[in-house]
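Worksheet: one structure, shown below.
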Amino acid sequence: MKDGRIKDSQITVTSFIRTAHSKQARLRQNMPNWGAWCPNMTGMSMLEGNYDQYIQIDLLNLTKITRIATQGREYNEGREWAKVYKLSYRKNGATWHYYKEKDEDAKLFSPTQCQLGKQPWTVKCNTKTHLIMV
Numbered sequence: 401m402k403d404g405r406i407k408d409s410q411i412t413v414t415s416f417i418r419t420a421h422s423k424q425a426r427l428r429q430n431m432p433n434w435g436a437w438c439p440n441m442t443g444m445s446m447l448e449g450n451y452d453q454y455i456q457i458d459l460l461n462l463t464k465i466t467r468i469a470t471q472g473r474e475y476n477e478g479r480e481w482a483k484v485y486k487l488s489y490r491k492n493g494a495t496w497h498y499y500k501e502k503d504e505d506a507k508l509f510s511p512t513q514c515q516l517g518k519q520p521w522t523v524k525c526n527t528k529t530h531l532i533m534v
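The C-terminal residue of the sequence shown carries number 534 in our numbering, and the numbering is unbroken.
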C-alpha cells in the first residue's frame, strides 16, 4: 500500500472521521494532524471500543501475504493507535476466514508487542488471498 500499487479505490473502510479517510491508511504519510485512517467513534465510550470497525483491501488477484504493518497517528501527541486487531482473508469465495495459529479461533495482533522485540505483523502461515480485512 505504501508505494501506491494499491489504488485508493481498492481500500474500503467502515467509517472515518473528518479527513482521516481510507487513503490515509498508508504507512508513513507525514500528514499534519492526521496521517492515519481513523474510524468514526462518535457516541462510543473509549473503554467500550468498537470491534466492528475495519479496513478492507482488495488485492484484485490472489496475492501472497507475508507481513502486516500498522502505525498510530501523530495527532493527540501520537497516542492514538489500534490496541489489538484481527486479520481476515477471503479467497475468491464469499467466506471470510480469520488468520489463526494452532488452536486459536482468531489471532489477536497487538502493536505493543513491538516494544518487546517481537514482530506482531509477521504472518506465519503465508496464505494467498484476494481480499484482506484488518
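Here a beta-carbon is modelled for each residue, glycine too, at the ideal position from N, C-alpha and C. Quick caveat, the model's predicted, so the values are computed rather than measured.
Contact set for residue i: own chain, Cβ-Cβ below 6 Å, skip 5 residues either direction
i, result
"K402", "R426, L427"
"E501", "K507"
"G404", "none"
"D503", "none"
Contact set for residue i: own chain, Cβ-Cβ below 7 Å, skip 5 residues either direction
i, result
"I406", "I457"
Range of the contiguous beta strand (DSSP E) that encloses residue i
i, result
"V411", "It should be pointed out that residue 411 corresponds to Ile in this sequence rather than to Val. That run of the beta strand (DSSP E) goes 411-413."
Close Cβ partners of residue i (< 8 Å) along its chain, the five nearest in sequence each way excluded
i, result
"H497", "S488, Y489, R490"
Counted within 10 angstroms of its Cβ, other Cβ atoms place residue i as buried (16 or more) or exposed
i, result
"D408", "exposed"
**Message:** So within the region 454-512, which uninterrupted alpha helix (DSSP H) runs reach at least 4 residues, ignoring any that extend past its ends?
**Reply:** Considered as a whole, the region 454-512 harbours 475-478 as its complete alpha helix (DSSP H) runs of no fewer than 4 residues, in chain order.
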